[in-house]
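Take any residue in the sequence shown, count from 1 to its spot, add 1: that is its number in my numbering.
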Amino acid sequence: MTNLEKYTQIFTETFGISAEVAASLEYQQIQEWDSVGHMSMIATLENVFEIMLDTDDIIDFSSFEKGKEILKKYDVEV
Numbered sequence: 002m003t004n005l006e007k008y009t010q011i012f013t014e015t016f017g018i019s020a021e022v023a024a025s026l027e028y029q030q031i032q033e034w035d036s037v038g039h040m041s042m043i044a045t046l047e048n049v050f051e052i053m054l055d056t057d058d059i060i061d062f063s064s065f066e067k068g069k070e071i072l073k074k075y076d077v078e079v
């Protein structure tokens, strides 16, 4: 499984959405991506990619696309 597939799967499983919806998703665009859902997704990302995100990056993680940019800082190519 590629990193993009893993990343997409985290969104689909955390928020109960399709991969197509995930690709354009932004924070609080759906009810499931609230503060609790956000932290659940972050925890899963950290576990799957074996990283520890900085607080600023957790706060800035505002969309599917922005998350891909943030993960690059941690040498995770998505």
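Glycine included, each C-beta is placed from N, C-alpha and C at the ideal position.
Model, not experiment: these values are computed from the prediction.
Item to check | Chain-order list of residues whose beta-carbon lies under 7 Å from that of A23 (same chain, five-residue window excluded) | outcome: By 1-based counting over the sequence shown, the position of residue 23 is 22. Cβ neighbours of A23 beyond the five flanking positions: T9, F12, T13, F65.
Item to check | Pair within 7 Å by beta-carbon distance, T1 and S41 | outcome: In the structure as shown, the chain begins at 2 and stops at 79. Residue 1 is therefore absent and cannot be evaluated.
Checklist entry - Taking 7 Å as the CB-CB limit, is G38 close to chain D? => result Within the model displayed, chain D is absent; a lone protein chain is all it includes.
Checklist entry - What do you get for L46, buried or exposed, if any count of 16 or more other CB atoms within 10 angstroms of its CB means buried? => result Locating residue 46 in the sequence shown gives position 45, where the first residue counts as 1. By the 10 Å Cβ count, L46 comes out buried.
Item to check | Proximity to I18 [Cα-Cα], best of E78, T3, W34, L5 | outcome: Translated into the one-based positions of the sequence shown, residue 18 becomes position 17. Ranking E78, T3, W34, L5 by CA distance to the CA of I18 puts W34 first.
Next on the checklist: Comparing C-alpha positions only, which one of D58, T56, F50 sits nearest to V79?
Outcome noted: Here residue 79 refers to the residue found at position 78 when the sequence shown is read from its first residue. Here the closest residue by C-alpha is F50.
Checklist entry - For I60, is the classification buried or exposed, using 16 other Cβ atoms within 10 angstroms of its Cβ as the cut-off for buried? => result Locating residue 60 in the sequence shown gives position 59, where the first residue counts as 1. Exposed, since its Cβ has fewer than 16 Cβ neighbours within 10 Å.
Next on the checklist: For G17, report the span of its alpha helix (DSSP H) as first-last.
Outcome noted: Working through the sequence shown from its first residue, we reach residue 17 at position 16. For G17, no alpha helix (DSSP H) segment is defined, and its DSSP state is neither H nor E.
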